[in-house]
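In structure tokens:
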């Protein structure tokens, strides 16, 4: 079933301890869409400025991604992010953020997009995410990401969002902040009690944790020796997860767990090169083969 | 088969963000022995001072642990450690260390102990660990722990040790230091190439990684919502792991993996209270039941 994603479309400048890239394709909706496209048709909603290279849109179209929801703002500039990874490659500092057109992002879905059954609300304010929710009345599964910024400045709107979505995906420090608890196991349960049916806490190189009313589990990251650029790992995790669910069209606990595993495996490829460079070089068979290895790794 | 452990025997003072305990039973050999005693007969080698409460020895004997290798040094004082955990309960600072009699620890094994087939060399200098290795010529499996201190000041002796042991257990920061590599996957392989047949990297709340020539895997920590005091988690992990192997008497890859899982589960109980308080309240059935839950958690 078609999967709709709303989020940022960006040009990233990334510095690692040994290398750097300027103005590469990035943003939550981009990483999510590309990752999900291994599994399912994807509809991508975002906004860019006049500086957006049209080859990036063609590149996404070539993957079969529906880019008709990417709006180009006349006279505007594309969202830009510049960051630097610390030697541990897990922590990073943001050196520059220019929201540009993303700061005024008010997504309006076409009738053709409003019937989407699987919806991912990537990085955007809870207000924006709520306005998208209002436009997808037929959704079977709605999952949102959030950020420390929104936890700090839009806590009430976020609380409203949490009561309306099925799933929330957030990283470990955000979960601790939102739950006001340093223990991640308790924090996950606390966040789930705020409304969503399930919560996924992303722990970067340490994997992910899942919480629902009746279940809680941890999945380690797939251990790759080649960590080049972790940018987009979280969004490709979500893309692999939602893509698999949209393809199955099922939401039972076992499918959700397998979806998380696909998310882990997809993200493990993303970090092996800058931007989407590594994902471009693989196919669905590579994902399935690493998933089988991962499954074997966890069985004893 | 009997399992021999050589390591520290200590009185610990532990501060957490919400509680504290003074002069509680601790030390690598103590946590290891108690954890291993759920699985296998244990012989414990260590040294204490005149201040050592004999009730601690009786407590260990009541578990069936052979304490005849604990030497009391006349006029000496027992090893003492004082530490404080940070709010994340994963990182800690050492406030005081008094090696006392442990600083002069030169273990001499009796003939009855020299025939041990399973041997764990807990926290001690590589020189001391090597001297123990010389005394257990019939060992089937020798595993050592090490510390940043020895990596920094006895690197050559440690290199000799690594060429003589079957397995090395160390924590993530120590692995990075020893391998001079921030990527744990590469670091694990590098350390293994220094000699041991297998290496286990302990990642605290994030679990453990295993490396052998033909295999590499990650196991997450069992996610407990109740982290009271992580002291001794690493040593009880090693105790659960080696105890299971000594009980099986096998060293095939599948047994090693199951042993690691038992280590994870044993450690997850240790952190649920101070000192050995939580382990005292459980039995082998509790370990098996949590292992089953853990196995289920990792299958998809």
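Residue numbers (my numbering), protein chains in the order written: chain A, 1 to 300; chain B, 1 to 300. Cβ atoms here follow ideal geometry from the backbone N, Cα and C, with glycine treated the same way. A quick note: this is a predicted structure, and the numbers were derived from the prediction, not measured.
- Counted as a single uninterrupted DSSP element, the beta strand (DSSP E) harbouring residue 81(A) occupies residues 79-85.
- Within the DSSP bridge table, the entry for residue 144(A) names 121(A), 168(A) as partners.
- Not a single C-beta of chain A is nearer than 8 Å to the C-beta of residue 29(B).
- In the three-state reduction of the DSSP assignment, residue 139(B) falls in the coil class.
- Judged by pairs of C-beta atoms under 8 Å, the stretch 9-25 of chain A touches the stretch 82-92 of chain A, as three or more such pairs exist.
- Under the 8 Å Cβ criterion, the stretch 193-204 of chain B counts as touching the stretch 212-228 of chain B, having at least three qualifying pairs.
- Residues of the same chain with a CB within less than 6 Å of the CB of residue 235(B), apart from the 5 flanking positions on each side, are 28, 31, 32 in chain order.
- Interface residue (Cβ-Cβ distance to chain B less than 8 Å): residue 206(A) is classified as such.
- With a beta-carbon spacing of about 5 Å, residue 270(B) and residue 232(B) fall inside the 8 Å limit used to define contacts.
- DSSP places residue 56(A) inside the alpha helix (DSSP H), whose first and last residues are 54-62.
- In terms of Cβ geometry, residue 4(A) and residue 65(A) do not form a close pair [threshold 8 Å].
- Ranked by Cα distance from residue 56(A), the options 38(A), 292(A), 78(A) are led by 78(A).
- Per the DSSP secondary-structure output, residue 93(B) pairs in a beta bridge with 84(B).
- Using a Cβ-Cβ cut-off of 8 Å, residue 171(A) does not count as an interface residue toward chain B, since no Cβ of chain B sits closer than that to its own.
- Sequence-ordered contacts of the stretch 113-132 of chain B with chain A are nonexistent [C-beta pairs closer than 9 Å].
- According to the DSSP assignment, residue 48(A) belongs to the beta strand (DSSP E) that extends over 42-48.
- Closer than 8 Å to the CB of residue 298(A) there is at least one CB belonging to chain B.
- The Cβ atoms of residue 239(A) and residue 34(A) lie closer than 8 Å to each other.
- Assigned with DSSP and collapsed to three states, residue 244(A) falls in helix.
- For the pair residue 122(B) and residue 7(B), the CB atoms are nearer than the 8 Å cut-off.
- With contacts defined as CB atoms closer than 8 Å, residue 151(B) and residue 162(B) fail to qualify as a contacting pair.
- The Cβ atoms of residue 202(B) and residue 208(B) lie closer than 8 Å to each other.
- The shortest C-alpha to C-alpha distance from residue 109(B) to any of 126(B), 253(B), 285(B), 134(B) is the one to 134(B).
- Take the alpha-carbon of residue 253(B) and the one of residue 145(A): they are about 40 Å apart.
- Taking the beta carbon of residue 224(A) as reference, the chain B residues within 7 Å of it are 185, listed in sequence order.
- Within 8 Å of the CB of residue 88(B), the CB atoms of chain A belong to 182, in sequence order along the chain.
- Taken in chain order, the unbroken stretches of alpha helix (DSSP H) that lie wholly in the stretch 220-267 of chain B and span 4 residues or more are 233-248.
- Put simply, the CB of residue 85(A) is far from chain B, with every gap to its CB atoms at 8 Å or more.
- For residue 286(A), the uninterrupted alpha helix (DSSP H) segment begins and ends at 284-297.
- At a cut-off of 8 Å between beta carbons, residue 20(A) makes no contact with chain B.
- Relative to the Cα of residue 261(A), the nearest Cα in the group 242(A), 272(A), 249(A), 276(A) belongs to 242(A).
- In the three-state scheme derived from DSSP, where H, G and I count as helix and E and B as strand, residue 69(B) is classed as strand.
- Look at residue 272(B): its C-beta is not under 8 Å from any C-beta on chain A.
- When the Cα atoms are used, residue 139(B) and residue 165(B) turn out to be separated by approximately 10 Å.
- For residue 279(A) and residue 107(A), the gap between their C-alpha atoms comes out near 27 Å.
- When the alpha-carbon of residue 58(B) is set against those of 67(B), 51(B), 185(B), the nearest one is in 67(B).
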